[in-house]
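Beneath this line is the structure, given in structure tokens, with notes to follow.
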Amino acid sequence: MLSFFLSRRRSPLALRLLITILVTSSLITLLAVALQLYVEYRSDVELIEQRLNQIQGSYSDSVALCVWNFDRKQFNSQLEGILHFPDIVYAEIRGEDGELIAARGTPQDKGFIRKEIALSTTDFGRSVQPGRLVIVASLERVYNNLFQRGLIILVTQGIKTLIVSIVILLAFHWMVTRHLYRIGTYARQIDLGSEQRLQMQRAPGTHDELDFIARAINDMQDNLQHSYRTIAELNQSLEHKVEQRTRALQASTEKFRYLFQNALESIGIFDQEHCVDLNKAGLELFGFSSLAQAQGLHALDFVAPESMAIVREKIARQDAEPYEAIGRKRDGSQFPMLVKGQNALIDGKPTRITSAIDLTEIKRSEAALRQANQELARIAHTDPLTGAFNRRYLDEAATSLVALAKREGRDIAIAMMDIDDFKPINDRFGHDMGDRVIAVLVDLIRQQIRQSDLIVRFGGEEFVLMLPNTGLEDAEQVAEKIRQQVANSQAVSPVQFTLSIGLTVVSSLDQNISDSIARADKALYQAKREGKNRVCRTPTPEPLSRAAPSRCEHHE
């Protein structure tokens, strides 16, 4: 009987159950054995470590004294005594320079614990270290004990597992397997024309999952018989429904054809990448007077050469996402279009349905909108009188410029500039002349700065100049050139005006550009206090590249 249900052909369920029991039990046994052996291994190792600590406490002082006095007989005797401890197989004494003084026992190359003890003693009240004591303990006895214990545990556990598995399998065969074979035999021989039902040969009053399966098979037999009778009735109505749906399909095809031909966008049907059909909008879009002119053309014949690569890629990948391409009419003229392709099966053949929309007007509108937005951005960011940037643009641009300078470790110089005695100019010559002075000042500044530098009208007659990649020394030279050119300018005769400038560089401690501008403004007020028409600079805490002392330059 055992060979019957252990056969994979006759009882695969019993075989899988046996394998599951054996594997599970073996894994649990191995884990338990491993845990037990590990605990015992740690216990043995700790015992050896205790012996090593005991040796250290008992021998280190006496060995140190013998080595210091170089009493060879005595420290050899001490080494012999150390080797009498269990598991201790080797001991040696080395001097301060690592030279071997004495050794006893056999060195180990694997499976050992090595303890090195620094020797220390006193000589006339002075602490000395004559060398070190090295002790090696072998783990061979520990490994042998572990192997014997593990072997005994594995053998006893294996015998118990085998006995329990046989008992479980015998019970499983008697209570389950033999009934499953009867159920399977009956299920293979079900006759839908017979009224016979499955009967389980079991003791009266037994109700479990096997009875549930038997009842389910009997119910299935009843349902199959009912379904068999129903199929005949369904076949009669099926032919009528097929006829109705055929007529509906014909109507749907005609409706699709109408929608296809009257769609506002171009729709083409391609078989093996060649045009099969093209609606009226498509014929008009691509400049064909009849469908015959388009049929048979390759899909790439409908696009310009620069778009052939993307069209070929979309077809190869069967991509259904819309994309832009350059279309080509029959006469060779080109136009932008939005294309979307979808693969389908028509009459059992792989087909790609492609729609196209002319984007000419949309592109023209987008270009006009971009130009208008650029003009609005320019107006929003510039001062209408001078063409210089305004404070709003300074707040936006300074953040990115300062962040870049901090990453690259380069300075940004900040110059705060103010026209000296501007109010008397307005009062004497009028506001129109004042506006002209401001506009001329911006032109003079632009003549001395780079295209990458940023000139901002900060308010009234005040201006901020940002000089990227510029240290304080170079910025001072630029500021002085600007100051001299303004002082010598006759562009707004009879008005003669001068400029005061405060300089600083961005600090790594600045929270934002306002901190840097505040320092430059402080230097500007210093220039004002010291007589105007001068360039002053202020100390910068932790500049991005180097520090600069405070200094003010004045030129009459």
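Everything in the sequence shown is counted per the UniProt record's numbering, starting at 1 for the first residue and increasing by one.
Quick reminder that beta carbons are idealized off the backbone N, C-alpha and C, glycines included.
For residue 130, the closest alpha carbon among the candidates 141, 100, 218 and 220 is that of 100.
In this structure, the CA atom of residue 520 is about 54 Å from the CA atom of residue 306.
Here residue 417 is buried: its Cβ has 16 or more other Cβ atoms, across all protein chains shown, within 10 Å. Burial state of residue 282 is buried, judged by a 10 Å Cβ sphere holding 16 or more other Cβ atoms. Under the Cβ criterion (8 Å, minimum of three pairs), the stretch 494 to 513 counts as touching the stretch 525 to 543.
The beta-carbon separation of residue 391 and residue 458, rounded to 6 Å, stays under the 8 Å limit for a contact. Distance from the CA atom of residue 247 to the CA atom of residue 255, rounded to whole angstroms, is 13 Å. Sorting 68, 54, 82 and 337 by C-alpha distance to the C-alpha of residue 96 places 68 at the top. Looking at the DSSP output, residue 342 bridges to 353. The straight-line gap separating the alpha-carbon atoms of residue 469 and residue 452 is approximately 10 Å. 8 Å or more divides the Cβ of residue 83 from the Cβ of residue 57.
Comparing alpha carbon positions, the residue from 142, 446, 492 and 125 closest to residue 111 is 142. In the displayed model, residue 431 falls within a helix according to three-state DSSP. Shown here, residue 542 sits in coil according to DSSP, grouped into three states, outside any helix or strand. An exposed status is given to residue 211, since fewer than 16 other beta-carbon atoms sit within 10 Å of its beta-carbon. Restricted to the stretch 61 to 141, the beta strand (DSSP E) segments that are unbroken, complete and at least 3 residues in length are 88 to 95, 100 to 105, 112 to 123 and 126 to 138, listed in chain order. With contact defined as three or more Cβ pairs closer than 8 Å, the stretch 386 to 406 and the stretch 505 to 520 are in contact. Burial of residue 327 is indicated by the presence of at least 16 other C-beta atoms within 10 angstroms of its C-beta. Taken through DSSP and simplified to helix, strand or coil, residue 325 comes out as strand. Looking only at 133, 121 and 524, the smallest Cα-Cα distance to residue 103 is reached by 133. Assigned with DSSP and collapsed to three states, residue 462 falls in strand. Judged by DSSP in its simplified three-state form, residue 470 adopts coil rather than helix or strand. Cβ atoms of residue 286 and residue 340 stay farther apart than 8 Å, at about 16 Å. Counting along the chain, residue 387 sits inside no beta strand (DSSP E), nor does DSSP assign it H or E at all. Inter-residue distance for residue 121 and residue 60 is about 9 Å (C-alpha atoms, whole angstroms).
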